[in-house]
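The structure under discussion appears below in the form of structure tokens.
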Ligand SMILES: [Zn+2]
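Numbering (this note's numbering), first residue to last: 7 to 553.
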């Protein structure tokens with residue numbers, strides 16, 4: 007209710023909603039979003055011929071070239087490197103072979119632990135004592151500092167997954183995951199504190215993923231962005247029972263420590279346990295590409311600013327067979343998202359519609375390996391980031407049928423909610439909240455997130471939950487079935503179990519939201535209680551006061 011009240015205030019001011027266009031031009035473009043166009047792109051990109059579009063593979067490169075060819079025919083300008091459509095993403099590829107012992111007891115790999123090097127050397131070693139730091143969070147806005155009074159320099163920190171809100175609705179955001187819950191944050195904070203290693207304690211109930219996911223994604227061939235070295239040498243996960251034995255051997259109790267760590271005023275402590283780790287790997291340089299096309303804005307004062315419409319084109323390539331199929335086609339994840347942004351670009355082209363700000367259509371590589379393509383655009387900024395007004399992300403679109411509503415993760419954090427609400431209303435749709443996606447931390451798990459962390463307001467579209475002609479239970483049922491039987495499996499292939507009708511609705515709302523963001527007099531802003539407000543406000547044009 008609070009946010010709806012805030013929205014009414016925004017619309018009353020006429021800020022994002024009035025736009026600058028005769029509504030007919032936008033209506034014409036929205037109508038021009040074609041189901042056939044979306045479906046044709048999905049069927050091509052998700053065909054076996056593209057071999058699952060793995061980053062840096064032949065199939066992935068064909069997908070990138072296909073998207074660039076579409077950008078050419080839709081009149082988009084090249085916005086990549088050297089006047090091309092391609093933005094280079096240099097990667098390091100390696101396969102880790104780690105060992106780890108705690109207090110002299112050797113752990114089994116990968117049943118007990120998963121460990122990766124945090125610098126790009128063929129042999130990385132750590133031999134240092136453990137420090138228990140609870141959730142490993144420093145969050146001044148919640149009055150929380152797990153590192154207070156501790157010196158972890160050169161030591162190995164033992165960290166819990168998730169955030170303290172998991173067990174106490176009054177702390178942080180309750181069951182809604184904050185960024186502090188993500189393992190990527192825990193690594194970043196440990197590096198800021200000068201630690202040499204990070205061991206996350208894995209429990210199925212606290213993690214938003216099972217041990218199988220840790221093992222599946224943290225072992226075997228890995229790709230990473232080549233980042234500057236920090237104090238961290240190694241980082242990974244240890245099974246809870248295994249870590250509990252190390253605590254017991256040191257005269258401590260892990261269960262008790264974990265309970266205390268969820269309470270205000272928790273104090274971390276040194277453990278008299280030595281961690282000895284080595285990681286051998288053969289490193290090789292490789293690369294992938296983002297495909298970038300620009301539709302110039304019409305207002306000379308605003309055309310230097312962009313609204314990004316992004317979707318990752320990569321998927322998992324050819325991997326372990328499931329039911330006799332080894333091609334991971336990634337139809338919903340995320341040929342469909344690419345189909346949506348291409349259909350939006352085509353609809354704008356057909357209706358001869360531009361925004362006051364420019365649009366940047368971005369098809370990202372390397373998402374499945376950890377948002378690498380989108381992160382690369384922030385690490386080596388594709389343009390001054392204060393000129394990036396907003397980012398709209400399309401990942402895992404609605405292929406389950408027509409709805410009465412749409413949802414977008416991140417709409418609870420910024421004034422983009424106003425643009426989204428207005429856009430949805432014009433399509434006769436409600437905006438609903440996908441709370442299960444918020445519990446899973448979906449906002450931090452797709453290409454919108456590197457933009458968010460750089461302070462750029464962003465939303466990531468999610469399927470609605472109110473399906474036309476279906477019982478109320480359909481949404482929950484079809485989504486959990488999808489997760490169990492198709493998500494990240496070869497079975498995510500295009501067939502009669504998918505329909506693009508919902509994707510058409512989503513694309514029309516996406517197009518209208520993009521136009522609102524492009525035409526508004528000011529860039530969207532973060533809500534006062536958003537954890538990204540500070541970094542967003544710091545992202546100002548040099549010499550200009552904060553927004
Ligand atoms: Zn995806």
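Even for Gly, the Cβ is constructed at its ideal location relative to N, Cα and C.
| query | result |
| --- | --- |
| Taking C-beta to C-beta, are residue 6 and residue 205 nearer than 8 Å? | No information on residue 6 is available, as it lies outside the stretch 7 to 553 that the chain covers here. |
| Looking at C-beta atoms only, is the number of pairs between the segment 412 to 430 and the segment 484 to 499 that lie closer than 8 Å three or more? | no |
| Using a Cβ-Cβ cutoff of less than 7 Å, which residues in the same chain neighbour residue 31 once the five nearest sequence positions on both sides are dropped? | 357, 359 |
| Specify the secondary structure class of residue 47 as computed by DSSP and reduced to three states. | helix |
| Tell me the rounded alpha-carbon separation between residue 150 and residue 392. | 30 Å |
| With the cut-off set at 8 Å, would you say residue 285 and residue 162 are in Cβ contact? | no |
| Any residue with its C-beta under 5 Å from a non-hydrogen atom of ligand 1 counts. Can you list them all in chain order? | 339, 340, 401 |
| Here's a check: name, in chain order, each residue in its chain whose Cβ is nearer than 7 Å to the Cβ of residue 554, leaving out the five neighbours to either side. | A query on residue 554 cannot be resolved here, the shown segment of the chain reaching from 7 to 553 and no further. |
| Could you give the DSSP three-state label for residue 405: helix, strand or coil? | coil |
| Report yes if the CB atom of residue 453 is closer than 8 Å to the CB atom of residue 404, and no otherwise. | no |
| Where does residue 499 land, buried or exposed, given buried means 16+ other C-beta within 10 angstroms? | buried |
| Quick one, which of 247, 270, 283 has its alpha-carbon nearest residue 104's? | 283 |
| Measuring CA to CA, which of 437, 406, 176 is closest to residue 483? | 406 |
| In terms of residues, what are the limits of the beta strand (DSSP E) holding residue 326? | 323 to 328 |
| In the DSSP assignment, what residue or residues form a beta bridge with residue 420? | 532 |
| Might you give, ordered along the chain, the residues of its own chain that have their beta carbon closer than 6 Å to the beta carbon of residue 125, omitting 5 neighbours on each side? | 235 |
| Determine whether the beta carbon atoms of residue 274 and residue 153 lie at a separation below 8 Å. | yes |
| Given a cut-off of 8 Å on the beta-carbon distance, is the pair residue 592 and residue 142 in contact? | Given a span of 7 to 553 for the chain in the structure shown, any question on residue 592 remains unanswerable. |
| Below 8 Å on the Cβ atoms is my guess for residue 69 versus residue 97; work out the distance and round it to an integer in Å. | Between residue 97 and residue 69 the Cβ distance is about 17 Å, and since that is not below 8 Å, they are no contact. |
| For residue 252, tell me which candidate among 525, 107, 440, 523 has the shortest Cα-Cα distance. | 107 |
| With a CB to CB cut of under 6 Å and the five nearest residues on each side skipped, what residues in its chain are close to residue 7? | Low local confidence applies: a pLDDT of 35 at residue 7 is under 50, so the model's placement there is unreliable, with the coordinate-based value given in what follows. Result list for residue 7: empty, nothing under 6 Å. |
| Please list, in chain order, all residues of the same chain as residue 540 whose beta carbon is under 6 Å from its beta carbon, the five residues on each side excluded. | none |
| Quickly, what does DSSP pair residue 293 with across the bridge? List them, please. | 96 |
| Any idea what DSSP makes of residue 389, helix, strand or coil? | coil |
| Excluding the 5 residues preceding and the 5 following residue 41 in the sequence, name in chain order all residues of the same chain whose CB lies nearer than 6 Å to its CB. | 506, 510 |
| Quick check on the DSSP output: the alpha helix (DSSP H) that includes residue 508 runs from which residue to which? | 507 to 525 |
| Just to check my reading of the structure: residue 191 and residue 185 have Cβ atoms closer than 8 Å, yes? What is that Cβ distance to the nearest angstrom? | 5 Å |
| From the DSSP output, in three-state form, read off residue 20 for me. | Because the pLDDT of residue 20 is 39, which lies under 50, any placement of that residue in the model is unreliable, and the question is left without a value. |
| Pick out the complete beta strand (DSSP E) segments inside the segment 92 to 179, 3 residues or longer, and give them in chain order. | 92 to 100, 103 to 108, 119 to 123, 129 to 138, 162 to 166 |
| Go through its chain and collect everything with a Cβ distance to residue 397's Cβ below 7 Å, but skip five positions before and after it. | 314, 316, 454, 457, 462, 464 |
| Does residue 413 come out as helix, strand or coil in the three-state DSSP assignment? | strand |
| State the Cα-Cα distance for the pair residue 310 and residue 364, rounded to the nearest angstrom. | 7 Å |
| Can you grab the Cα-Cα spacing for the pair residue 49 / residue 337, in whole Å? | 8 Å |
| Tell whether a beta-carbon distance below 8 Å holds between residue 414 and residue 471. | no |
| Can you tell me whether residue 546 is helix, strand or coil according to DSSP? | coil |
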